[in-house]
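**Q**
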Amino acid sequence: MIDRLNPILSINYNGYSTIESPQNIVDSPYPYAHNFNWKQSLSQTTSRLSHYASFAILSGSMSRGNTSKRVCVYDTSVLRVQNIVAGEDFIVCLSHEGHCFITLSEDDPRFENWRSGMGLESDNPDQFQLIQKTLEDPIEQVFGHTYCVLLTRKGDVYVYTEKDGWNGKIDRNEYFDGEKIIHVGLGNEHALFVSESGKVFGYGSNSSTQLACLDRWYSELKFVRIDVSHISDKICKAYATYNTSFLLTETGALYACGDSTYAANGLTSLGSPYQCHKFTQVPISEKVEDVSPGLFFVAVKTVDNKYYVFGYNNFSQFGKTSTLYEKIDGPHLLDSFSPFSNIDRIECGGYNSIIVTKDKKVFIAGWAIDSPFYPRVSDKYNLLDLDSLLRECTRGHISLNNNTSLRATMGRYFSVIFTIPNSKFTRNFKRSHILCDISIITHSFSSPENDNQFIPSFMIDPTSFFE
0 MIDRLNPILS
10 INYNGYSTIE
20 SPQNIVDSPY
30 PYAHNFNWKQ
40 SLSQTTSRLS
50 HYASFAILSG
60 SMSRGNTSKR
70 VCVYDTSVLR
80 VQNIVAGEDF
90 IVCLSHEGHC
100 FITLSEDDPR
110 FENWRSGMGL
120 ESDNPDQFQL
130 IQKTLEDPIE
140 QVFGHTYCVL
150 LTRKGDVYVY
160 TEKDGWNGKI
170 DRNEYFDGEK
180 IIHVGLGNEH
190 ALFVSESGKV
200 FGYGSNSSTQ
210 LACLDRWYSE
220 LKFVRIDVSH
230 ISDKICKAYA
240 TYNTSFLLTE
250 TGALYACGDS
260 TYAANGLTSL
270 GSPYQCHKFT
280 QVPISEKVED
290 VSPGLFFVAV
300 KTVDNKYYVF
310 GYNNFSQFGK
320 TSTLYEKIDG
330 PHLLDSFSPF
340 SNIDRIECGG
350 YNSIIVTKDK
360 KVFIAGWAID
370 SPFYPRVSDK
380 YNLLDLDSLL
390 RECTRGHISL
400 NNNTSLRATM
410 GRYFSVIFTI
420 PNSKFTRNFK
430 RSHILCDISI
440 ITHSFSSPEN
450 DNQFIPSFMI
460 DPTSFFE
């Protein structure tokens with residue numbers, strides 16, 4: 000079994016320059032590292048990839064100081080990746096078999112505990128390594144921010160925190176009333192856990208009442224049951240920004256609490272106080288389907304495929320219009336991008352947001368970090384024509400196609416653009432049996448149309464039908 004994945008291309012750099020490409024490759028200048036030839040380097044290292052390989056491209060810095068910038072390209076098809084989740088300074092790949100592979104920032108000492116608890120052997124920041132614990136019980140969901148949380152198919156919860164020493168399985172009988180956790184929301188120093196029955200548990204910092212508690216700055220018991228008795232509908236999901244929290248009900252109602260300094264709780268248009276200590280419904284009239292939280296800004300998708308945004312927009316994280324200011328008070332329709340109907344998903348990171356469209360185009364807005372794929376034009380969503388760029392740079396070895404879906408995920412200073420197979424076919428090699436041996440022999444012949452044609456013949460060994 001594969002226990003680690005190295006990039007097919009890894010380049011460290013400082014600074015940036017504009018790519019020298021034909022105008023039809025990109026519709027505006029994009030930053031690329033000045034000290035390497037992007038096209039030549041990438042095309043020379045991808046000759047072994049198939050035309051339908053799944054890929055992931057990491058761009059930016061996984062360091063909290065926004066240093067050690069790099070570009071890494073991975074052939075993720077060998078891992079059968081079904082999802083990739085970015086934390087603030089780490090990335091987790093989840094395979095169809097339920098195994099997790101992680102790569103960590105190299106300059107953060109807290110990850111030494113993670114490496115020990117996860118059974119990692121290397122500190123190579125470019126290398127994805129198998130989390131050994133995920134072999135014991137396959138993982139169903141992955142969540143990441145400053146914490147990393149893994150939910151197994153059996154209902155166990157693995158929590159890896161930044162400061163408090165949690166570094167493995169959490170006893171759900173002791174901390175979650177014996178209930179199965181189905182969804183997690185992660186902030187900077189707090190976490191929300193939603194159980195199968197709709198109960199909500201909180202962990203970590205309550206400095207901005209993001210755990211809906213007035214009497215405790217930090218949770219004394221580490222895990223606390225949050226009072227949501229005033230919410231009549233069943234809660235199914237949780238989300239969080241740096242110091243705000245969100246709960247989504249099965250009926251599509253969104254509730255929030257926590258700090259309102261940056262308007263990131265979506266409640267400032269209601270005239271809420273500085274800190275909202277009780278989960279209050281966010282004023283969105285339509286049913287909410289999903290939430291994408293960034294550092295201090297949030298995008299909300301409705302079932303009608305509309306997108307509302309609120310929070311800090313100081314780096315034009317959502318672009319700027321006559322109605323989208325540096326601070327967006329309360330939910331506001333995203334009018335800096337159209338049409339809504341073409342948006343497949345929005346992902347928010349530290350200081351940027353990425354839009355992936357249904358026709359497999361990528362747009363990014365926000366801070367112009369000096370990294371490939373980040374915007375150079377402020378106040379708007381910048382198009383990255385990924386299909387043309389991949390075709391030009393890799394000579395067709397990496398390409399977008401109908402067999403894969405395009406996704407994105409973001410950390411604080413980096414982004415990951417990746418594809419996953421559309422097929423959900425699962426192989427079970429443990430129960431595979433040899434049915435027969437087939438030999439293929441080719442016979443060449445000449446014809447006026449083609450002097451190099453071949454006719455294949457098949458030879459089957461009948462004795463191999465039985466073990």
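FYI, numbering that gives the first Met the number 0 numbers position 84 of the sequence shown as 83, with every residue one higher than the one before it.
Idealized CB from N, CA, C, for every residue including glycine.
Every value quoted in this text rests on a predicted model; they were computed, and no experiment measured them.
1. Check for me: the beta strand (DSSP E) holding residue 194 runs from which residue to which?
2. Report the rounded CA-to-CA distance for residue 237 versus residue 110, giving the unit in angstroms.
3. Just tell me which of 260, 233, 296 has its CA closest to the CA of residue 333.
4. Tell me whether the beta-carbon of residue 354 lies closer than 8 Å to the beta-carbon of residue 381.
5. I'd like the ranges of any beta strand (DSSP E) spanning at least 3 consecutive residues and lying wholly in the segment 80 to 125.
6. Is the separation between the beta-carbon of residue 469 and that of residue 412 shorter than 8 Å?
7. Which residues does DSSP list as the beta-bridge partners of residue 352?
8. Is the segment 110 to 129 in contact with the segment 172 to 181, if contact means three or more CB pairs nearer than 8 Å?
9. Taking only three categories from DSSP, how would you classify residue 383?
10. Three-state secondary structure (DSSP) at residue 254?
11. So, using beta-carbon positions, are residue 234 and residue 287 closer together than 8 Å?
12. Answer with buried or exposed for residue 322, where buried requires no fewer than 16 other C-beta atoms within 10 angstroms of its C-beta.
13. Between residue 467 and the rest of its own chain, which residues show a CB-CB distance below 6 Å, the 5 nearest in sequence each way excluded?
14. Could you check if residue 300 is buried or exposed, using at least 16 other CB atoms within 10 Å of its CB as the buried criterion?
15. Grab me the residues of residue 134's own chain with a C-beta within less than 8 Å of its C-beta, minus the 5 sequence neighbours each way, in chain order.
16. Comparing alpha-carbon positions, which option in 231, 6, 53, 128 lies nearest residue 402?
17. List the DSSP bridge partners of residue 167.
18. Quick one: what does DSSP say residue 209 is sitting in, helix, strand or coil?
19. Buried or exposed: which applies to residue 68, given that a residue is buried once 16 or more other Cβ atoms fall within 10 Å of its Cβ?
20. Could you say which of 243, 73, 280, 88 lies nearest to residue 253 if we only look at CA atoms?
21. Give the range of the beta strand (DSSP E) segment to which residue 411 is assigned.
22. Figure out for me which residue from 188, 415, 267, 153 has the closest Cα to the Cα of residue 241.
23. In this structure, does DSSP put residue 73 in helix, strand or coil?
24. Measure the Cβ-Cβ separation of residue 161 and residue 152 and say whether it is below 8 Å.
25. Under 8 Å between the Cβ atoms of residue 186 and residue 244?
**A** Result, derived from the coordinates:
1. 189 to 194
2. 26 Å
3. 296
4. no
5. 80 to 85, 89 to 94, 99 to 103
6. Because residue 469 is not part of the residues shown, which for the chain are 0 to 466, the question remains open.
7. 347, 364
8. no
9. strand
10. strand
11. no
12. exposed
13. In the structure displayed, the chain extends from 0 to 466; residue 467 sits before or after that span and is not available.
14. buried
15. 98
16. 53
17. 158
18. coil
19. buried
20. 280
21. Unbroken run through residue 411: none, as it is neither H nor E.
22. 188
23. strand
24. no
25. yes
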